[in-house]
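> This is the structure, below, for whatever I ask next.
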Amino acid sequence: MTSRGEFQRLADLGRHLAGSSPTVPVGVGDDAAVVRVGAQDVVVCVDVIVDGVHFRTDLSSPADVGWKAVAVNVSDLAAMGAIPQAAVVGLQRSPDLTEEAIDQLYAGMAEAGREWGVAIVGGDTVTAPVWSVSLTAIGRPAAASITRGGARPGDRLVLVGPLGAAAAALWADGEGLPVPDDLLAAHRRPRALPSSGVVLARAGATAMIDLSDGLGADAGHVARASGVDLRIDRTAAMAAVPSTVVDLLPEDLLARVALGGGEDFALLAAVPADRVDACEGALTESAEAPWRWIGTVEPPADPSTPAVWLHTPADTSAGPPERIDTWGYDHG
């Protein structure tokens, strides 16, 4: 069987799935779908996390896995500017998963639910060869839903949250190096940013995405959906990388791991020039995570292939911009 890769497979399957319509204001192709139920829009997303792919039992406890299952879905809701509400859980339990571990798993989900206002309202369980958790979350829009496709030339790019911590933890573990506690915590219990997503939506952001697969690849989704190029300032983006990561990684790997390793669950948003002040004020008041301006939206150099470019404008010796929309994790 030939592997198509995650992103190509999703594109291939899209022809079978519902697009946007009056009853589905946002269909397939974004961080979440928006479905109209009566007069109310409901935001719906789902993520599956699998043993050996998204977590390892030697690095994460069952409670950590439960927390992560909720966090990754709350992050998708945040990217749509939605307020989290509830979730249902599908547990695929392997024969070696004990009842105690299952109890801890659900305790972790309940803890994360309390953190972000998500009621865990039920679900299903089934025996499977490998254990995994599928969680479907719903929310309600805080304003008009923000998609990946609204960025326009002249918009500025704002990043909320740090980059590279979880990816650096896994790199260090793979190299047999001690993993700093703060980096391991980022992998075990990521922090979703729903308040930041809400304030960006209300302040007028035109496009938004959560950074689950890496800044490069996820920014590429925005570029293609919006039909634009994104130009990212290397210095500004790297300022979002914690010093622990900078000290740990070799210089030749630092940018690629930090900007393409994934599992950041930060937010990247495009903001029109006339909404910059409003967004700055809202993000500062929210104080959920550090934020910074890291680039601009431009007309595509080649309309057939919108791209993401990393450059260093203050350094004339840095060479030409580097294309980075292939920098990211592919789940296959």
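Numbering (our numbering), first residue to last: 675 to 1006. Glycine included, each C-beta is placed from N, C-alpha and C at the ideal position.
(1) Just the C-alpha distance for residue 744 and residue 863, rounded to the nearest angstrom, thanks.
(2) Ends of the beta strand (DSSP E) at residue 810?
(3) Kindly examine the ligand PLP and report whether one of its heavy atoms sits closer than 7 Å to the Cβ of residue 751.
(4) Just mark residue 678 as buried or exposed, buried being the case when its beta carbon has 16 or more other beta carbons within 10 Å.
(5) Any idea which residues DSSP pairs residue 882 with across the strands?
(6) Assuming residue 904 contacts residue 893 under a Cβ cut-off of 8 Å, what Cβ separation, rounded to an integer in Å, is found between them?
(7) How would you label residue 908, buried or exposed, when you count the other beta carbons within 10 angstroms and need 16 or more for buried?
(8) Decide yes or no for the touch test of the stretch 822-835 against the stretch 957-975: beta carbon pairs closer than 8 Å, at least 3 of them.
(9) Just to confirm before moving on: does the CB-CB distance between residue 834 and residue 761 stay below 8 Å?
(10) Just the Cα atoms here: how many angstroms apart are residue 746 and residue 1003?
(11) Nearest-angstrom Cα distance between residue 778 and residue 767?
(12) Helix, strand or coil, according to DSSP, for residue 842 in the structure here?
(13) Looking at the structure shown, is residue 998 part of a helix, part of a strand, or coil, going by DSSP?
(14) What residues in its chain sit with their C-beta under 8 Å from that of residue 787, if we drop five residues either side in the sequence?
(15) How many angstroms separate the CA atom of residue 935 from the CA atom of residue 998?
According to the structure shown:
(1) Taking the sequence shown and counting its residues from 1, the one referred to as residue 744 is at position 70. Taking the sequence shown and counting its residues from 1, the one referred to as residue 863 is at position 189. One C-alpha to the other measures close to 10 Å.
(2) Position 136 of the sequence shown, counted from the start, is the residue given in the question as residue 810. Judged by DSSP secondary structure, residue 810 falls within the beta strand (DSSP E) whose first and last residues are 806-815.
(3) For the structure depicted, the ligand PLP is absent and the ligand set is empty, with no information on it obtainable.
(4) The sequence position of residue 678 within the sequence shown is 4, counting from 1. Per-residue confidence for residue 678 stands at a pLDDT of 47, beneath the threshold of 50, marking its modelled position as unreliable; no derived number is given.
(5) Numbered from 1 along the sequence shown, position 208 holds the residue referred to as residue 882. Within the DSSP bridge table, the entry for residue 882 names 943 as partners.
(6) Here residue 904 is taken as the residue at index 230 of the sequence shown, counted from 1. Here residue 893 is taken as the residue at index 219 of the sequence shown, counted from 1. About 5 Å separates the beta carbons of residue 904 and residue 893, which is inside the 8 Å limit, making them a contact pair.
(7) The residue you call residue 908 lines up with position 234 of the sequence shown. Label assigned to residue 908: buried.
(8) Yes: at least three Cβ pairs fall under 8 Å.
(9) The residue you call residue 834 lines up with position 160 of the sequence shown. The residue you call residue 761 lines up with position 87 of the sequence shown. Going by beta carbons, residue 834 and residue 761 fall outside the 8 Å limit.
(10) Within the sequence shown, the letter at position 72 stands for residue 746. Within the sequence shown, the letter at position 329 stands for residue 1003. If you take the alpha carbons of residue 746 and residue 1003, they lie about 15 Å apart.
(11) Position 104 of the sequence shown, counting from 1, holds the residue named residue 778. Position 93 of the sequence shown, counting from 1, holds the residue named residue 767. Roughly 13 Å separates the two Cα atoms.
(12) Locating residue 842 in the sequence shown gives position 168, where the first residue counts as 1. Helix at residue 842.
(13) Taking the sequence shown and counting its residues from 1, the one referred to as residue 998 is at position 324. Residue 998 falls in the coil class under three-state DSSP.
(14) Against the sequence shown, residue 787 aligns to sequence position 113. Once the five neighbours on either side are set aside, the close Cβ partners of residue 787 are 744, 761, 793, 794.
(15) Counted from its first residue, the sequence shown places residue 935 at position 261. Counted from its first residue, the sequence shown places residue 998 at position 324. About 12 Å.
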